[in-house]
Amino acid sequence: MDPMFRYFLGFQVTADRAGWLARQLPPVPGDLFAGLKPQLYHLTLCTIAETMEQQPFLRGKVAKAFEHGLPAASAIPFGRIVSRGAGAELVTAGSTGAIRETYAAIVARLATQDIDPMHRKSGLRPHITLGYGECAFDPVGVAWNWTPRDLVLIESHVGHRRHRVLQRWSLEPPVQSSFAFMADELPAPLLRAA
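For what it's worth, our numbering labels the leading residue of the sequence shown as 10, then goes sequentially.
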């Protein structure tokens, strides 16, 4: 029997950016494709439970895993909207190493409460689903470096395209890169001042 409820952690797209993304999706002919409502746009980090009944205690368990804080946010470099066999997605371009590090840190915190991510045998593939069903269009370039502000725990009512945010945690801003200045690279006036 298929689960009725799916619980996952992810990043929810803010309303202004979700509306902008919805306008980037090209028109899809036919009636086999259904675009998601922009308020449902999110990037799933990991599914943590699939059940037949709601799990009222799961939120507390996840909150306990994060009681000592979360890793800092990291930028996610998106590059294009593509059609897939089962729908349309906004996919990344360039390096996704920083979001993979954030994911690993979140999973490590979940492990302290015996919560294991599901469905990640193939690894993390950061993307935002924009709709489901058969669609065919040429890729649409969308250059967007997104830095999520919050991590959310969502209860999804499977098959009903309904999401309920159970809890939201603010993320610290990304750590600023440091610059390695070498004395031999500094101009002479700065060396004298030092």
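Every residue gets a Cβ at the ideal spot worked out from N, C-alpha and C, and that includes glycine.
None of these values were measured; they are calculated from a predicted model.
Cutoff 7 Å; reference residue i; Cβ partners in own chain excluding five residues on either side
i: lysine 73; result: Gln122
i: leucine 99; result: Leu30, Phe87, Ile90, His136, Ile137, Leu139 and Val151
i: glutamate 181; result: Ala81 and Ala82
i: arginine 177; result: Asp159 and Val161
Same chain only: Cβ atoms within 8 Å of residue i, ignoring 5 sequence neighbours per side
i: glycine 103; result: Pro86 and Gly88
i: glutamate 62; result: Met13 and Phe14
i: methionine 127; result: Cys55, Thr56, Ile57, Ala58 and Glu59
i: leucine 34; result: Gly44, Ile90, Ala97, Leu139, Gly140 and Val149
Unbroken beta strand (DSSP E) run spanning residue i, endpoints
i: leucine 119; result: Run containing leucine 119: none in the beta strand (DSSP E); it sits in the alpha helix (DSSP H), 106-120.
i: aspartate 159; result: 159-166
i: arginine 15; result: 14-21
i: glycine 140; result: 136-141
i: alanine 145; result: Where alanine 145 is concerned, there is no enclosing beta strand (DSSP E), given that its DSSP letter is neither H nor E.
i: glutamine 176; result: 171-179
i: threonine 60; result: 51-60
Closer than 6 Å: residue i CB and nearest the ligand COA heavy atom
i: arginine 26; result: Looking at this structure, you won't find the ligand COA or any other ligand, since it has none at all.
Alpha-carbon to alpha-carbon, residue j and residue i
i: valine 184; j: glutamate 59; result: 34 Å
i: alanine 43; j: valine 167; result: 16 Å
i: leucine 79; j: leucine 67; result: 18 Å
i: leucine 175; j: leucine 119; result: 16 Å
i: glycine 161; j: valine 71; result: Per the sequence shown, the amino acid found at residue 161 is valine instead of glycine. Using only the alpha carbons, I get a separation of about 11 Å.
i: glycine 69; j: arginine 170; result: 24 Å
i: valine 37; j: glycine 132; result: 30 Å
i: glycine 106; j: alanine 113; result: 11 Å
i: valine 22; j: arginine 158; result: 9 Å
i: phenylalanine 75; j: alanine 117; result: 10 Å
i: phenylalanine 146; j: threonine 111; result: 32 Å
Beta-carbon proximity check, residue i vs residue j, cutoff 7 Å
i: proline 28; j: leucine 52; result: Just to set this straight, residue 28 is glycine in the shown sequence, not proline. Not in contact: glycine 28 and leucine 52 (Cβ atoms no closer than 7 Å).
i: tyrosine 141; j: glycine 96; result: yes
i: serine 83; j: isoleucine 108; result: yes
i: phenylalanine 17; j: isoleucine 124; result: no
i: cysteine 144; j: serine 179; result: no
i: histidine 172; j: leucine 49; result: yes
Neighbour flag for residue i against chain C, beta carbons, 7 Å
i: valine 100; result: Here chain C cannot be found, since the structure has a single protein chain.
Residue range of the unbroken alpha helix (DSSP H) whose run includes residue i
i: arginine 26; result: 24-33
Subject >> beta strand (DSSP E) runs contained entirely in the region 67-112, provided each spans 3 or more residues >> reply: 85-93 and 96-101
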